[in-house]
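Residue numbers (the UniProt record's numbering), protein chains in the order written: chain A, 1 to 232; chain B, 1 to 232; chain C, 1 to 232; chain D, 1 to 232.
Worksheet: one structure, shown below.
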C-alpha cells in the first residue's frame, strides 16, 4: 500500500463532498490534502468526473509542484496549491471551485462585505478579492503566479491566512483552505452561503450597513476565541 | 428512561426537519421543545451534525439557562431560548436558523412587508426586524441579551407574540416559535417562503403596495379566527 | 365503490404532482377534477399534508359548492373552483398554488409580459392579473367572489378561458385550469417557469421588448392551431 | 437490428441527460446525434415525456429534414437540426433546450458577456445572440429558417462554429452543438451555468468589466490549445 494512502483517502473524501454540497458542475473543482512530514499533497486528477474517482487515482505532488506518485495528470490548478502549501505552513487542505455565488462575486471584482453574523462566525474581515493578474504573470507560469497573486494580496492587505481562510481571485473563482481538507471544503460551503446572502442583502437594501465591530468580534470569538463556547 | 424523554424526542424530530426543509447548512440552526410543568426544555447540543444526532443527546435546560440533564454542551443560543420561554408563557417550541432569504432580510435590517395572502394566512403584521443590540449588550451576556432584544422590540412595537410567531434580529438571523416545536419549525419554513416572495415582489415591482387591510383580516381569520374554516 | 371513484383518483394523482413539481410548500395548493355528466368535482380535503393523502379522502362537491360525498371538509378554496366550473363549461380540472415566482408576480399586481416562445407555445396573451377585490367582496362570500373576480376580469379584458388557461389574482396567487386535472397541473408548472424567466428577463434587460406578433402566432399555432405539428 | 442503432442509443442517452442536469421542464428540449457516413441523424420524437423514451423510439432523419426511419413524428425543431448539420460539417450532436438562465438572456436579446474564466475555459467570445427573425422568415418555413438565422449570424459576426459551440436565438432559447451529442449536452450545461453567473455578476456590480484578453486567451488554450494541459 502506498505510504500516501492516508492523504489520498482524505483528498478523495473531500473531493466527493463538492458535488454533494452543490459546489461543482462536472469537474469544475478540486481538493488537495497535505502531509507536512512527507512534504507532499494528494490532489484530484485533471478532468476526471467525480462519479469515476477512486482514492487510488489521487496524484501525489510535492510543494514545488512535481508529481511524486500517480499515473494520471494532476489537476491543472496543482501549482496554485503547491505555492500556497509552500508559503503558508499551517494549512493542510485547499479547495478550488467555481461555485455559483462566490464566482459571481469574483467576476464582479468586489470583496464580499461582512453583513451578518453568519459571516462573522467564520471570519472578521470582508472576503478578500485579489485583483486579476497583470498580463506578464498571465502569459508566464499562470497557475504558479495565481498562488503568488493570492499571497501578495494577503500581505498587502495585512490579512492573516490563519484567520481568513478564503479568497476570491478577480475574474476567476474562489480558493479556500484550512487545517484539514475537510475544513477547507467546509469553508467553501460557508463562502458560497455567505456570498449568496450578501448578494440578496444588497438587493433588498442597497444601503445595508456592514456589521458593526462589536458584533464581528463577539461572533468570531464565540466560535474561535480562547473562551469559545461553540461546539463540544 | 429519562422523565424528559418526550421533549427530547420532540426536539430531536423537530431538529431533523430543518435540513429536510432546506433551512440549514451544516449545524447553523437549533430547535428546542419545552415542558411547562417540568419547567425545562430540550435543545440540540452545540455543533453536532444533524446526521449524527439522536434523541438521547438532546440537552435538558431550565428557564434560567442552566443545564439539568445531558453530557453535551447545549446550543450556543440556549440562553436566548431560555429568556423567551421564561417571559412568554404560551410557547413550547423555538427555532433559530440562518435560512437564506430570512437571514438576508435580517442583514438588510428591514421588516418584511406583508405583500400577499401567503403572508396574511399566518400573521397580520409585517415580519418585525429587531435592531442590532447596542455595544454594551453585545459585550455582556450576549445570547441572554438577544432574548431581551426580541422581547423589548415586541413591547415597543405593540406586537403580540401569540399572533406574530417570528422575528428577524438585525444583522443576525430569524427566530420563530409556537405552541409546539413542530409548529415553530413550520413557522420557520413559512417565514423563508414569505421572505423569498417579498424579495421577488420588490424586484418585479419596486412600487408594489402592501396588502390592504380587508384582505389581511380575511385571510388571517380564515385560518385563525373564531370562525376559521381552514383545515379539519 | 363510489361512483365518483374515477375523479377521486384523478384529483388525487394530480394533487400528488404538485409537491413533485416543486409547486407547493406544506398544504399551500389544491387540485380538483370534474365530471360534467355527474355535475360534480373531486377536490383535496383542507389542510391535509400531501404525504397523508389517499384517493378515498377526496371530497365530492357540486357546482354550487355543496359537499355531496366525503367525511372531510373540502379545501377552503372550494367555492372558487365551483364558480369557475359553473360558468366555464369546457374545463374539467382546476389548480390553485402559491408557487414562488407566479405568486410574486401576483403580489406585484402585474401581468406577466410575453417575452419569449416558451410563453407563446402556451398562450398568446400576457398572463392576466386580476386586481384585488373591493372590500365589500372580501368581507362577503370571499372564495365565491374570487371566482367571479377571475371571470369578470376575463370578460373585461376580452380573454377566452379556453385559450388563456391561467390567471394571477392580485396580492394573492395563481389559478390554472384545463380540459383535465392533469393538464391544469401542467399549466401551473408552465406558468411558474414562464414567471421565473420573465422576472430574469427584466433583470437582465429592463427594456426587453415583448415578443413580436408574428412569433406569438407562429409558436401558438405550432402547438395548438388546426395545422399543429407538435407532439404525436 | 437497425443500422442506425448506434446513433439512436447515443441520442437516447444524451436526451436522458437533460432532465438529470436540470435543463428541461416536461418535453421542452431535444438532442440529436448524427452519423456523417450514413448522412442521417437520430432525434427525439416530438412531445414524448423523457420518462417514456426508449432508444428504439428515436427518429432517423436525413440532412434535408426527411424522416428515414421511425414511426413517430420527430421533434418539431428537426429542420433546425438538419440545416445546421448540412452546413456545418464538423458537428455530430445538437441540443435545444429552454433552460432557465440561457433562455432569459435570449428573451433579453443580449449576448452574454465574457466575465470570467468559467466562460473562457469554453469559448473566447461573448455567447452570441442572433436577433429574432423577420416576419417573412417566421411565416415561412420557420424551423428551417431558424437554422439559417443562426448560420447567417455566425457569418456576419465572423464567428467560427468550431470554437463557439453555442448560440442564443433572440426571444426564443439556446442551441448548442459539438463533436458528439454528449459534448453538445455538456455545452448546454456549461452555457446555463455561465448564463446564471453573468446575470449575478451584473446584479452585484453593474459596471463589472469583461475579462481581459490575456486571460481569455490563457484559459481557452489551457483547455483547447495545441499545448493544452487540462484533462488526461
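Think of the CB as a built atom: it goes at the ideal place given N, C-alpha and C, for glycine as much as any other residue.
Keep in mind it's a predicted model, so treat the numbers as computed, not measured.
- Around the CB of residue 152/A, fewer than 16 other CB atoms lie within 10 Å, so the residue is classed as exposed.
- Close CB contacts of residue 77/B within its chain, under the 7 Å cut and outside five residues either way in sequence, are with 30, 96, 143 (chain order).
- The alpha helix (DSSP H) runs lying completely inside the region 58-111 of chain C and spanning 4 residues or more are 78-87, 100-108, given in chain order.
- Distances from the alpha-carbon of residue 175/B to those of 11/B, 6/B, 103/B put 103/B closest.
- Per DSSP, residue 191/C lies in no beta strand (DSSP E); the unbroken alpha helix (DSSP H) holding it starts and ends at 181-204.
- According to DSSP, residue pairing for residue 178/A in a beta bridge involves 93/A.
- In this structure the region 185-195 of chain D lies against the region 115-127 of chain D, because at least three pairs of beta carbons, one per stretch, are closer than 8 Å.
- Non-local C-beta neighbours of residue 211/A in its own chain, meaning closer than 8 Å and more than five positions away in sequence, comprise 114, 115, 116, 117, 119, 120, ordered along the chain.
- Contact of residue 204/C with chain D by beta-carbon distance below 7 Å involves 104, 105, 108, 110, 199.
- The alpha-carbon of residue 180/A is positioned some 7 Å away from that of residue 91/A.
- By the neighbour-count criterion, in which a residue is buried when 16 or more other Cβ atoms sit within 10 angstroms of its Cβ, residue 46/B is buried.
- Looking at the backbone, the Cα of residue 215/C and that of residue 9/C are separated by about 39 Å.
- Residue burial annotation: residue 66/C is exposed, with fewer than 16 other C-beta atoms found within 10 angstroms of its C-beta.
- Under the three-state reduction of DSSP, residue 151/D is assigned to helix.
- Selection 81/D, 7/D, 98/D, 232/D evaluated against residue 19/D yields 98/D as nearest (Cα-Cα).
- With a threshold of 9 Å between beta carbons, residue 142/A makes contact with chain D.
- Interface annotation, residue 24/A: not in contact with chain B, CB-CB separation never under 9 Å.
- Annotation: the continuous alpha helix (DSSP H) that includes residue 216/A extends over 213-224.
- Think of a sphere of 7 Å around the beta carbon of residue 211/D: the chain A residues whose beta carbon falls inside it are 171, in chain order.
- Taking 9 Å as the cut-off, the beta carbon of residue 32/C is found closer than this to the beta carbon of residue 42/C.
- In this structure, the CA atom of residue 94/A is about 54 Å from the CA atom of residue 178/C.
- Cβ-Cβ distances below 7 Å link residue 126/D to 111, 112, 113, 114 in the same chain, with the five nearest sequence neighbours on each side left out; the list follows chain order.
- The shortest CA-to-CA distance from residue 213/A to any of 194/B, 135/B, 69/B is the one to 135/B.
- Taken in chain order, the unbroken stretches of alpha helix (DSSP H) that lie wholly in the region 114-150 of chain C and span 4 residues or more are 117-120, 135-139.
- Proximity of chain C to residue 215/B at the Cβ level (cut-off 7 Å) is accounted for by 132, 138, 171, in chain order.
- Within a 10 Å sphere around the beta-carbon of residue 51/C sit fewer than 16 other beta-carbons, which makes this residue exposed.
- Rounded to whole angstroms, the gap between the alpha carbons of residue 74/B and residue 220/A is 18 Å.
- Within chain A, the residues placing a beta-carbon under 8 Å from that of residue 72/B are 232, ordered along the chain.
- The three-state reading of DSSP puts residue 46/A in coil, since its state is none of H, G, I, E or B.
- By alpha-carbon distance to residue 231/B, the top candidate from 57/C, 25/C, 72/C, 100/C is 72/C.
- In the three-state reduction of the DSSP assignment, residue 51/D falls in the helix class, which pools H, G and I.
- Taking a beta-carbon distance threshold of 9 Å, residue 101/C counts as an interface residue toward chain B.
- As the crow flies, the alpha-carbon of residue 204/B is around 17 Å from that of residue 105/B.
- Separation of residue 200/B and residue 207/B (C-alpha to C-alpha, rounded to the nearest whole angstrom) is 12 Å.
- The beta carbon of residue 146/C is closer than 6 Å to those of 80 in its chain, skipping five residues each way along the sequence.
- According to the DSSP assignment, residue 32/C belongs to the beta strand (DSSP E) that extends over 29-35.
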